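Colleague: These protein sequence lines map, in sequence, to chains S and C. Under our numbering, the first residue of the first sequence carries the number 36, and numbering increases by one thereafter. Under our numbering, the first residue of the second sequence carries the number 36, and numbering increases by one thereafter. We put the CB at the ideal spot given by N, CA and C, even for glycine. Nothing here was measured: the structure is a model prediction, and the numbers come from that model. Submitted below is the structure of interest, expressed as structure tokens.
2 protein chains.
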Amino acid sequence: MAVPPAAGYDRIMMLDSETKAVELPEDHGNELRLWLRLLTCTTLIEGEVRSRLRERFDVTLPRFDLMAQLDKVPDGMTLSDVSKRMMVSNGNVTGLVERLVESGHLDRRTSESDRRVQVIRLTKVGRAEFRKMAAEHETWIADLFSDLTPKDVRELMRLLAKTKASAQKSASRRMP
Amino acid sequence: MAVPPAAGYDRIMMLDSETKAVELPEDHGNELRLWLRLLTCTTLIEGEVRSRLRERFDVTLPRFDLMAQLDKVPDGMTLSDVSKRMMVSNGNVTGLVERLVESGHLDRRTSESDRRVQVIRLTKVGRAEFRKMAAEHETWIADLFSDLTPKDVRELMRLLAKTKASAQKSASRRMP
DNA sequence: GCCAATTGCTTGAAGCCTAAAGAAATTGGC
DNA sequence: GCCAATTTCTTTAGGCTTCAAGCAATTGGC
Numbered sequence: 036m037a038v039p040p041a042a043g044y045d046r047i048m049m050l051d052s053e054t055k056a057v058e059l060p061e062d063h064g065n066e067l068r069l070w071l072r073l074l075t076c077t078t079l080i081e082g083e084v085r086s087r088l089r090e091r092f093d094v095t096l097p098r099f100d101l102m103a104q105l106d107k108v109p110d111g112m113t114l115s116d117v118s119k120r121m122m123v124s125n126g127n128v129t130g131l132v133e134r135l136v137e138s139g140h141l142d143r144r145t146s147e148s149d150r151r152v153q154v155i156r157l158t159k160v161g162r163a164e165f166r167k168m169a170a171e172h173e174t175w176i177a178d179l180f181s182d183l184t185p186k187d188v189r190e191l192m193r194l195l196a197k198t199k200a201s202a203q204k205s206a207s208r209r210m211p
Numbered sequence: 036m037a038v039p040p041a042a043g044y045d046r047i048m049m050l051d052s053e054t055k056a057v058e059l060p061e062d063h064g065n066e067l068r069l070w071l072r073l074l075t076c077t078t079l080i081e082g083e084v085r086s087r088l089r090e091r092f093d094v095t096l097p098r099f100d101l102m103a104q105l106d107k108v109p110d111g112m113t114l115s116d117v118s119k120r121m122m123v124s125n126g127n128v129t130g131l132v133e134r135l136v137e138s139g140h141l142d143r144r145t146s147e148s149d150r151r152v153q154v155i156r157l158t159k160v161g162r163a164e165f166r167k168m169a170a171e172h173e174t175w176i177a178d179l180f181s182d183l184t185p186k187d188v189r190e191l192m193r194l195l196a197k198t199k200a201s202a203q204k205s206a207s208r209r210m211p
């Protein structure tokens, strides 16, 4: 914060301008602003999806997300798989699954080959309900992004892929 | 889900291809994929920032965010202001502020002109600690985005601004 | 076969978050 | 001045989320 709004110079120019420039703190205001904008966008859209899911189907976003993961695989997944794919903790999945089994959307059974493993899959009811929600969900997303041209969408896809790769690299540098 | 990976056709082409195309459900797969990628990027970066804040400063992201809001205004803000700026509920702010007052980072006083209003501001300690964290935080963000060129950053800023505007329009269409 | 390390999941404590209901103070129409 | 509507904040119930500790089952080195 307290970042000057200067936007036209980057690392190279700072190094060229004077010799002691390397000792001064660099300007990362643009990256910071980019991150805040990315976060604002996501929060805005996520909040909107969250309220619509609640309003129309009385379901939470985490439950919807979990069902979305399971809809892709007819034979079910283990809790660890779900946890990795959703990028949330193991303990989180345990509780989420518990409530979805309780409500009849999920079926859970212990693996025969490894009794530590729990395999979960959508029940018939769960799958049917999810498909209905997913269809509507898709139209919400289309509407939320409707002012973007097909070219904008392609360009964003490309830049976000690059961003993801950059962030993953940075994260793995920290935790090798 | 269950979306075909075809990526080359859009609304116009569907309408042109045959007359009954308008009755078929439209393809929003690209927007959906874009949303998922946006969400993945944000989750990845946010998770990384969250762990670094915890590791280095033993502070949570919501607390950091709240302090960031307050650092911008020397004279403090009301709880409602904070709640609007952070896009979280009132009740949420109440608890967050409570813990930060408890830990000595925040000062809270009742407004003289309106006794319903609570004005909060950073304490001296709170501000000093925040500045330290913010400086390091900025370098993390720079590192996480470091594979993007200045042009990429500009282009992302532009496209995300457009995305935000589009989402806001869609949200206000639903809730007028 | 034995047992140490690993893997998969659960539990518990703490914090974050929301929606809804409620309390306290202020405002504005009369 | 009166009082109904509004605004600001808190409380409550319920769910989400993480980290760390723990339990049970499996694996692999010997």
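How close, in whole Å, do the beta carbons of residue 176/S and residue 63/C come, if the pair is a contact with beta carbons under 8 Å?
Modeller: The sequence position of residue 176/S within the first sequence is 141, counting from 1. The sequence position of residue 63/C within the second sequence is 28, counting from 1. Rounded, the Cβ-Cβ distance is 6 Å, consistent with contact.
Colleague: To which residues does DSSP link residue 104/C through a beta bridge?
Modeller: In the second sequence, the residue the question calls residue 104/C occupies position 69. Paired residue(s): none; residue 104/C is not in a bridge.
Colleague: Does residue 160/C get closer than 9 Å to chain S when you measure Cβ to Cβ?
Modeller: As a working mapping, residue 160/C is identified with position 125 in the second sequence. Not one chain S Cβ lies under 9 Å of residue 160/C.
Colleague: Which whole runs of the beta strand (DSSP E) in the segment 86-151 of chain C are 3 residues long or more, in chain order?
Modeller: 141-145
Colleague: If we ignore side chains and look at the alpha-carbon of each, how far apart do residue 155/S and residue 146/C end up?
Modeller: For the purposes of this step, residue 155/S is taken as the residue at position 120 of the first sequence. For the purposes of this step, residue 146/C is taken as the residue at position 111 of the second sequence. Those two C-alpha atoms are separated by around 54 Å.
Colleague: What's the C-alpha gap between residue 131/S and residue 200/S?
Modeller: Here residue 131/S refers to the residue found at position 96 when the first sequence is read from its first residue. Here residue 200/S refers to the residue found at position 165 when the first sequence is read from its first residue. Per the coordinates, the alpha-carbon of residue 131/S lies some 29 Å from the alpha-carbon of residue 200/S.
Colleague: Please classify residue 205/C: is it buried, with 16 or more other beta-carbons within 10 angstroms of its beta-carbon, or exposed?
Modeller: As a working mapping, residue 205/C is identified with position 170 in the second sequence. Counting Cβ neighbours within 10 Å, residue 205/C comes out buried, since at least 16 surround it.
Colleague: When you compare the segment 100-118 of chain S with the segment 120-127 of chain C, are there three or more beta-carbon pairs, one atom per stretch, that lie closer than 8 Å?
Modeller: no
Colleague: By the 10 Å Cβ neighbour count, where 16 or more other Cβ atoms means buried, how is residue 83/S classified, buried or exposed?
Modeller: Stepping through the first sequence from its first residue, residue 83/S is reached at position 48. Flag for residue 83/S reads buried.
Colleague: Going along chain S in order, which residues have a C-beta closer than 7 Å to the C-beta of residue 187/C?
Modeller: Locating residue 187/C in the second sequence gives position 152, counting from the first residue. Under the 7 Å cutoff, chain S gives 194 and 197.
Colleague: Show which residues of chain C have a CB atom less than 7 Å away from the CB atom of residue 182/S.
Modeller: Numbered from 1 along the first sequence, position 147 holds the residue referred to as residue 182/S. Near residue 182/S (Cβ distances below 7 Å), the residues of chain C are 197, 200, 201 and 204.
Colleague: Say whether chain C places a C-beta atom closer than 9 Å to the C-beta of residue 112/S.
Modeller: Sequence index remark: in the first sequence, residue 112/S carries index 77 (1-based). For residue 112/S, the answer is no, since every Cβ of chain C falls outside 9 Å of its Cβ.
Colleague: Please list, in chain order, all residues of the same chain as residue 157/C whose beta carbon is under 6 Å from its beta carbon, the five residues on each side excluded.
Modeller: On the second sequence, position 122 is the one that residue 157/C refers to. Same-chain partners within the cutoff: 105.
Colleague: Among residues of its own chain, excluding the 5 on either side of residue 128/S, which ones have a beta-carbon nearer than 6 Å to its beta-carbon?
Modeller: Taking the first residue of the first sequence as 1, we reach residue 128/S at position 93. Correct list, in chain order: 114, 117 and 118.
Colleague: Give a yes or no on whether 9 Å exceeds the smallest Cβ distance from residue 140/C to chain S.
Modeller: As a working mapping, residue 140/C is identified with position 105 in the second sequence. For residue 140/C, the answer is no, since every Cβ of chain S falls outside 9 Å of its Cβ.
Colleague: Counting contacts by CB-CB distance shorter than 9 Å, is residue 126/C in contact with chain S?
Modeller: On the second sequence, residue 126/C is found 91 positions in, with the first residue counted as 1. When Cβ-Cβ separations below 9 Å define contact, residue 126/C makes no contact with chain S.
Colleague: Quick check on residue 183/C: does DSSP put it in helix, strand or coil?
Modeller: What you label residue 183/C is simply residue 148 of the second sequence in a count that begins at 1. In the structure shown, residue 183/C sits in coil (DSSP, three-state: anything other than H, G, I, E or B).
Colleague: Answer yes or no: do residue 194/C and residue 183/S have a C-beta to C-beta separation smaller than 9 Å?
Modeller: Locating residue 194/C in the second sequence gives position 159, where the first residue counts as 1. Locating residue 183/S in the first sequence gives position 148, where the first residue counts as 1. For residue 194/C and residue 183/S, yes; Cβs fall inside 9 Å.
Colleague: Could you round the C-beta distance between residue 169/S and residue 79/C to whole angstroms and report it? I think they count as a contact, below 8 Å.
Modeller: The residue you call residue 169/S lines up with position 134 of the first sequence. The residue you call residue 79/C lines up with position 44 of the second sequence. At roughly 24 Å, the Cβ-Cβ gap does not stay under 8 Å, so residue 169/S and residue 79/C are not in contact.
Colleague: Mind listing the chain C neighbours of residue 155/S? Cutoff is C-beta to C-beta under 7 Å, in chain order.
Modeller: As a working mapping, residue 155/S is identified with position 120 in the first sequence. Those do not exist, as residue 155/S stays about 17 Å from chain C at its closest Cβ, beyond 7 Å.
Colleague: Pull up the distance between the alpha-carbon of residue 88/S and that of residue 109/S, whole angstroms please.
Modeller: Translated into the one-based positions of the first sequence, residue 88/S becomes position 53. Translated into the one-based positions of the first sequence, residue 109/S becomes position 74. Computed Cα separation, rounded: 24 Å.
Colleague: Excluding five sequence neighbours on each side, which residues of the same chain lie with their C-beta closer than 8 Å to the C-beta of residue 103/C?
Modeller: Here the question's residue 103/C lines up with position 68 in the second sequence. Result list for residue 103/C: 165 and 169, in chain order.
Colleague: Since I believe residue 69/S is in contact with residue 92/C (beta carbons under 8 Å), could you give me their beta-carbon distance rounded to a whole number of angstroms?
Modeller: Here the question's residue 92/C lines up with position 57 in the second sequence. Here the question's residue 69/S lines up with position 34 in the first sequence. The pair is not a contact, with the Cβ atoms about 23 Å apart (cut-off 8 Å).
Colleague: In chain order, what residues of the same chain have a beta carbon less than 8 Å from the beta carbon of residue 174/C, not counting five sequence neighbours either side?
Modeller: Translated into positions along the second sequence, residue 174/C becomes position 139. Closer than 8 Å at Cβ, skipping near neighbours: no residue.
Colleague: Leaving aside the five residues before and after residue 98/C along the sequence, list all residues of the same chain whose C-beta is less than 8 Å from its C-beta, in chain order.
Modeller: The residue you call residue 98/C lines up with position 63 of the second sequence. Cβ within range, chain order: 131, 134, 135 and 140.
Colleague: Please identify the residue among 142/C, 148/C and 72/C whose C-alpha is closest to the C-alpha of residue 101/C.
Modeller: The residue you call residue 101/C lines up with position 66 of the second sequence. Here the closest residue by C-alpha is 142/C.
Colleague: Using beta carbons (cut-off 9 Å, strictly below), is residue 163/S in contact with chain C?
Modeller: On the first sequence, position 128 is the one that residue 163/S refers to. No, residue 163/S does not count as interfacial toward chain C.
Colleague: Is the distance from the Cβ of residue 191/S to the Cβ of residue 191/C below 9 Å?
Modeller: Here residue 191/S refers to the residue found at position 156 of the first sequence. Here residue 191/C refers to the residue found at position 156 of the second sequence. Cβ atoms of residue 191/S and residue 191/C: closer than 9 Å.
Colleague: Determine the contact status of residue 144/C and residue 153/C, defining contact as a CB-CB distance below 9 Å.
Modeller: Against the second sequence, residue 144/C aligns to sequence position 109. Against the second sequence, residue 153/C aligns to sequence position 118. A contact, by the Cβ cut-off of 9 Å.
Colleague: Tell me whether residue 178/S is buried or exposed, calling it buried when 16 or more other Cβ atoms sit within 10 Å of its Cβ.
Modeller: Working through the first sequence from its first residue, we reach residue 178/S at position 143. Per the 10 Å Cβ criterion, buried.
Colleague: Hey, residue 188/S and residue 66/C are a contact pair by Cβ (cut 8 Å); roughly how many whole angstroms apart?
Modeller: Position 153 of the first sequence, counted from the start, is the residue given in the question as residue 188/S. Position 31 of the second sequence, counted from the start, is the residue given in the question as residue 66/C. Their Cβ separation, rounded to whole angstroms, is 7 Å, which keeps residue 188/S and residue 66/C in contact under 8 Å.
Colleague: In whole angstroms, what separates the C-alpha of residue 86/S from that of residue 196/C?
Modeller: For the purposes of this step, residue 86/S is identified with residue 51 of the first sequence, where counting begins at 1. For the purposes of this step, residue 196/C is identified with residue 161 of the second sequence, where counting begins at 1. In this structure, the straight-line span from the alpha carbon of residue 86/S to that of residue 196/C is close to 22 Å.
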